Amino acid sequence: KLPIVALCGRPNVGKSTLFNRLTRSRAALVHDLPGMTRDRSYGRVTCLDEAGEAEEVFQLVDTGGLDFGGDDIITRGITRIAEGAMEEAHVLLLMVDAHDGWNPVDAEIAARIRAKGKPAILVVNKIDGVRGGSPDGAFYELGFDEIHVLSASHGDGVPELLAAIRARL
Ligand code: GDP
Ligand code: MG
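For full-length UniProt numbering, count along the sequence shown from 1 and bump the result up by 1.
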């Protein structure tokens with residue numbers, strides 16, 4: 002059975018874009034509308050082993066966006082689903098949006114992730130859209146030991162993140 006890695010974060014930060022890049026699939030819908038992914042989506046991430054053979058290394062779960070803002074029935078359902086994904090996962094990723102900057106919802110999700118007591122990595126996405134290339138310093142105060150700055154759509158920093166995930170499995 003493959004270990005599970007859950008990709009958490011508020012809507013529109015780029016979770017599905019990273020999911021598609023790592024699983025090389027179109028399984029997750031990428032959309033400009035926040036909250037486009039309405040369910041958990043699973044994909045297998047494959048790496049090359051020492052002999053150059055493709056080897057499945059973990060399952061990635063694209064959570065539908067933890068939305069703590071609304072209390073309508075659909076949002077509550079999504080939050081429950083995302084909690085379930087965090088429960089079953091071995092490693093938790095929190096993705097934030099460097100172009101938008103720090104958002105209070107990021108801190109709420111970070112607290113939920115910390116409460117799980119599992120290996121966790123902060124993924125600062127959309128660095129291509131940041132002038133000067135340095136993310137908001139507030140991200141460094143979210144309490145993560147490990148932070149990766151990348152661009153899910155361009156691919157910069159993604160191999161380094163993949164190596165970091167594998168080291169935590
Ligand atoms: P999700 O709601 O977290 O799954 O976010 P999506 O993957 O659907 O992406 C939301 C929007 O952000 C889409 O328009 C993506 O093309 C865009 N996006 C994702 N990653 C990047 C990135 O690295 N850089 C930039 N500039 N845009 C990105
Ligand atoms: Mg999505």
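We put the beta carbon where it would ideally sit given N, CA and C, even for glycine.
Just so it is clear, the structure is predicted and the values come from calculations on it, not from any experiment.
On the DSSP letters alone, give me the boundaries of the beta strand (DSSP E) that residue i sits inside.
i    : result
V6   : I5 to C9
N42  : The question names Asn, but residue 42 in the sequence shown is Ser. It spans S42 to L49 - the beta strand (DSSP E) in which S42 sits, taken as one unbroken run.
V124 : A121 to N126
V92  : V92 to D98
V150 : I148 to V150
Roughly how many angstroms lie between the CA atoms of residue i and residue j, to the nearest whole one?
i    : j    : result
A121 : E56  : 23 Å
G118 : V124 : 18 Å
Y43  : R132 : 34 Å
R113 : D50  : 34 Å
I166 : F59  : 9 Å
K2   : S135 : 38 Å
T64  : A116 : 18 Å
T47  : V150 : 22 Å
L162 : A52  : 22 Å
N21  : R45  : 10 Å
I82  : V159 : 26 Å
E147 : A164 : 12 Å
P105 : A90  : 24 Å
Y141 : E54  : 37 Å
To which residues of the same chain is residue i closer than 6 Å at the C-beta, ignoring the five residues directly before and after it?
i    : result
R169 : V92 and P120
CB-CB under 7 Å to residue i, same chain, minus the five flanking residues each way: which ones, in chain order?
i    : result
K127 : G15, D98, A99, H100 and S152
G102 : D137
A139 : W103
If I measure Cβ to Cβ from residue i and keep anything under 8 Å in the same chain, skipping five residues before and after, which residues do I get?
i    : result
D129 : S152, S154, H155 and D157
L95  : C9, G10, D107, I110, A111, I114, A121, I122, L123, V124, L143 and F145
Anyone know if the C-beta pair for residue i and residue j falls short of 7 Å?
i   : j   : result
L61 : T18 : no
Residue range of the alpha helix (DSSP H) that residue i falls in?
i    : result
L61  : Premise fails: L61 lies in the beta strand (DSSP E), A55 to D63, not in any alpha helix (DSSP H).
V106 : P105 to K117
V159 : V159 to R169
L23  : K16 to T24
Review point. Three or more beta-carbon pairs under 8 Å between the stretch 2 to 16 and the stretch 85 to 94, yes or no?
Key: yes
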